[in-house]
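J.:
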Amino acid sequence: MTTQCAYCIDVHIKGAKQAGVSEEELAELISISASVKAGATMVHGLLAMRLFEQ
Numbered sequence: 002m003t004t005q006c007a008y009c010i011d012v013h014i015k016g017a018k019q020a021g022v023s024e025e026e027l028a029e030l031i032s033i034s035a036s037v038k039a040g041a042t043m044v045h046g047l048l049a050m051r052l053f054e055q
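For what it's worth, my numbering labels the leading residue of the sequence shown as 2, then goes sequentially.
Written out as structure tokens, the structure reads:
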């Protein structure tokens, strides 16, 4: 999810369904992925602000 690769998402969702992952578990994964991506954005944003101030 965080790399936004459509091929990877397709492959892994098919595997998850075969493994018995529920829709609720998938929704949780999506929420966690969004948090991870947001965290990386904040870290890089803070670096950009620091560099701008120099």
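All C-beta atoms in this analysis are idealised placements derived from N, C-alpha and C, irrespective of residue type, glycine included.
Go through its chain and collect everything with a Cβ distance to residue 34's Cβ below 7 Å, but skip five positions before and after it.
T.: 2, 3
J.: Is the beta carbon of residue 17 closer than 9 Å to that of residue 29?
T.: Contact annotation: residue 29 and residue 17 have beta-carbon atoms that are not nearer than 9 Å.
J.: Report all residues from its chain with a CB closer than 8 Å to the CB of residue 23; omit the five preceding and five following residues, and keep chain order.
T.: none
J.: For the alpha helix (DSSP H) holding residue 19, just list the boundary residues, first then last.
T.: 7 to 19
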